[in-house]
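Q: Dropping a structure here in structure tokens format, bear with me for questions.
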Ligand SMILES: Nc1nc2c(ncn2[C@@H]2O[C@H](COP(=O)(O)OP(=O)(O)O)[C@@H](O)[C@H]2O)c(=O)[nH]1
Ligand SMILES: [Mg+2]
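Residue numbers (UniProt numbering): 1 to 451.
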């Protein structure tokens, strides 16, 4: 605990300053009225002032401290990467200059000790807490029929009376719209979706507008923006007084663990929330190690769930406001495994508000993304965290997918740098990445500046 004095014109002013400077955790432990100025030290005509003594918990006593923690975390990660490379490239024991990076061997020993005391799982005693999950809209298969103008839908004009003879059977598209259609198809969007977007676009463009490619692109970007839904608040929809629990689900390698670490840093170090990290990926020591490393670096509770009963005990003791749960990556071809994730919901109770967020890599093919989105529909999810934008060539198919299955984008992961390479999802950015693909290059994240 640190202590500071704050002076102000009245108590209200002092409290305001305290909250602004030191956040919600700071509190007053003493207050007094003092004077300031006055003639020749006599106190005559002195103005009345208030002074408070403030206690600030170490964790968030200043912006500087948060920034320092972030810097330390970055340093630590760099150090870890260096030591891992050294360990692989030479037989020599890696030199570790930061004490907090404990040798893996030591951690493995601790983990195996913990494994020995694993209790057996009483699967029959599970109660269903699925109703706690937010209702998810049923999955709809992508629309296949072209909407708007299509050759099949155009009336047979040649059978009309002679007055219409001059009208071409298919309305001629402006070359700029054709060019944009090509662009969208190259983005991985399906023919029917491109048709839908461009038909809509045509209704919004005058012939003068359509003659300028720049205007066509601008309008297309704004129409596409309207098709994108976003929600970047992890607490979104959480009823008052409930704790938010988020399971990050998705295929192996999608970026679940690193994204969790980034979001944990944002919500804990930057926003001052009480965050805990859990993993249900209890079979792979490396997976436990990876998340534990981040949890240790940020000084937050970490728990590797061995079974539901143990997890329930840990959850009951946990005083955090936000629990981020890492999960094992399951192949979208193995529905049974995906459904097994639901077992872990039993560990949470009435005061918890559960959500799944699907972590999806922006580098996968449209077909793969669709299969993954469908497979994880079995456990329900409302939001998508899109990763690897820095490596993605195109994002069009991801936008189409989310629009078609009515899902929101939550965050965009834009690189490997924990905790910085993540952004709140932005309609404008996503739409512009599709229309102007050069935007994808050099995209950078730095959530801590922006919120
Ligand atoms: N280029 C790039 N790599 C990423 C991104 N997110 C994660 N990765 C990398 O992808 C690999 C797998 O990430 P990880 O979080 O372990 O995936 P998980 O298996 O889903 O937990 C790691 O090497 C990460 O550094 C990203 O946004 N861009
Ligand atoms: Mg992982």
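Even for Gly, the Cβ is constructed at its ideal location relative to N, Cα and C.
Source: prediction; values computed, not measured.
Give the straight-line distance between the Cα atoms of residue 402 and residue 78, rounded to the nearest whole angstrom.
A: In this structure, the straight-line span from the alpha carbon of residue 402 to that of residue 78 is close to 35 Å.
Q: Would the C-beta of residue 252 count as close to ligand 2, meaning under 8 Å from any of its heavy atoms?
A: yes
Q: Just checking residue 421 against ligand 1 - is the residue's beta carbon closer than 8 Å to any of the ligand's heavy atoms?
A: Taking 8 Å as the cut-off, the C-beta of residue 421 counts as close to a heavy atom of ligand 1.
Q: Determine the extent of the alpha helix (DSSP H) in which residue 308 is found, giving its start and end residues.
A: 308–317
Q: With 16 as the cutoff for other CB atoms within 10 Å, does residue 293 come out buried or exposed?
A: buried
Q: Which residues does DSSP list as the beta-bridge partners of residue 291?
A: In DSSP, residue 291 forms no bridge with anything.
Q: Return the Cβ separation of residue 259 and residue 323 in integer angstroms, given the expectation that the two are a contact with Cβ distance under 8 Å.
A: At roughly 15 Å, the Cβ-Cβ gap does not stay under 8 Å, so residue 259 and residue 323 are not in contact.
Q: Short of 6 Å in beta carbon distance, which residues of its chain neighbour residue 407, apart from the five on each side in sequence? Order them along the chain.
A: 384, listed in sequence order.
Q: With a threshold of 7 Å on Cβ separation, who are the neighbours of residue 213 within its own chain once the five nearest residues in sequence on each side are excluded?
A: 176 and 179
Q: Checking the sheet assignment: what are the DSSP bridge partners for residue 424?
A: 411
Q: May I have the straight-line CA-CA distance separating residue 10 from residue 28, to the nearest angstrom?
A: 14 Å
Q: According to the Cβ coordinates, are residue 413 and residue 262 closer than 9 Å?
A: The criterion of a C-beta distance shorter than 9 Å is satisfied by residue 413 and residue 262.
Q: Quick check: the region 352–365 against the region 235–253, are at least 3 beta-carbon pairs closer than 8 Å?
A: yes
Q: Considering Cα atoms alone, identify which of 305, 45 and 26 is closest to residue 34.
A: 45
Q: For residue 281 versus residue 328, is the C-beta spacing smaller than 9 Å?
A: Less than 9 Å divides the Cβ of residue 281 from the Cβ of residue 328.
Q: Residue range of the alpha helix (DSSP H) that residue 399 falls in?
A: 396–404
Q: Is the beta carbon of residue 269 less than 9 Å from the beta carbon of residue 298?
A: Yes, these two residues count as a Cβ contact at 9 Å.
Q: Counting C-beta neighbours from all protein chains within 10 Å, is the total for residue 3 16 or more, i.e. buried, or is it exposed?
A: Around the beta carbon of residue 3, fewer than 16 other beta carbons sit within 10 angstroms, so the residue counts as exposed.
Q: Compute the beta-carbon to beta-carbon distance between residue 430 and residue 405, rounded to the nearest angstrom, for a pair I have assumed lies under 8 Å.
A: Contact between residue 430 and residue 405 does not hold, since the beta-carbon distance rounds to 16 Å and is not under 8 Å.
Q: If I follow the unbroken beta strand (DSSP E) through residue 213, where does it start and stop?
A: Taken as a continuous stretch (DSSP letters only), residue 213 belongs to no beta strand (DSSP E), being part of the alpha helix (DSSP H) at 213–226.
Q: Report the start-end ranges of each beta strand (DSSP E) in the region 320–395 that is 3 residues or longer and not cut off at the edges.
A: 322–326, 352–361 and 383–387
Q: CB of residue 289 to nearest heavy atom of ligand 2: below 8 Å?
A: Residue 289: no, Cβ never under 8 Å from ligand 2.
Q: Roughly how many whole angstroms lie between the Cα atoms of residue 437 and residue 361?
A: Looking at the two C-alpha atoms, the distance is approximately 17 Å.
Q: So, at 8 Å on beta carbons, what are the nonlocal neighbours of residue 326 in its own chain, with the 5 sequence-adjacent residues on each side left out?
A: 248, 256, 257, 260, 277, 278, 279, 280, 281, 287 and 291
Q: For residue 428, I'd like the list of residues in its chain whose CB is within less than 7 Å of its CB, leaving aside the five on either flank, ordered along the chain.
A: 225
Q: Say the cut is 8 Å; is the CB of residue 391 nearer than that to a heavy atom of ligand 1?
A: yes
Q: For ligand 2, I want to know if residue 462 counts as a neighbour, meaning its beta carbon is within less than 8 Å of at least one of the ligand's heavy atoms.
A: Given that the chain is displayed from residue 1 to residue 451, the structure contains no residue 462 and the question cannot be resolved.
Q: Within 10 Å of its beta-carbon, does residue 208 have 16 or more other beta-carbons around it, so buried, or fewer, so exposed?
A: Counting the other Cβ atoms within 10 Å of the Cβ of residue 208 gives fewer than 16, which makes it exposed.
Q: From the DSSP secondary-structure annotation, give me the bridge partner or partners of residue 54.
A: 4 and 28
Q: On a Cα-Cα basis, can you pick out the residue from 300, 304, 296 and 377 that is closest to residue 332?
A: 377
Q: Cβ atoms of residue 409 and residue 206: under 9 Å apart, would you say?
A: Judged by their CB atoms, residue 206 and residue 409 are not nearer to each other than the 9 Å cut-off.
Q: Considering just the uninterrupted stretch of the beta strand (DSSP E) at residue 279, what are its terminal residues?
A: If you look at residue 279, you'll find it in the beta strand (DSSP E) that goes 275–279.
Q: Could you name the residues that DSSP lists as bridge partners for residue 36?
A: 47
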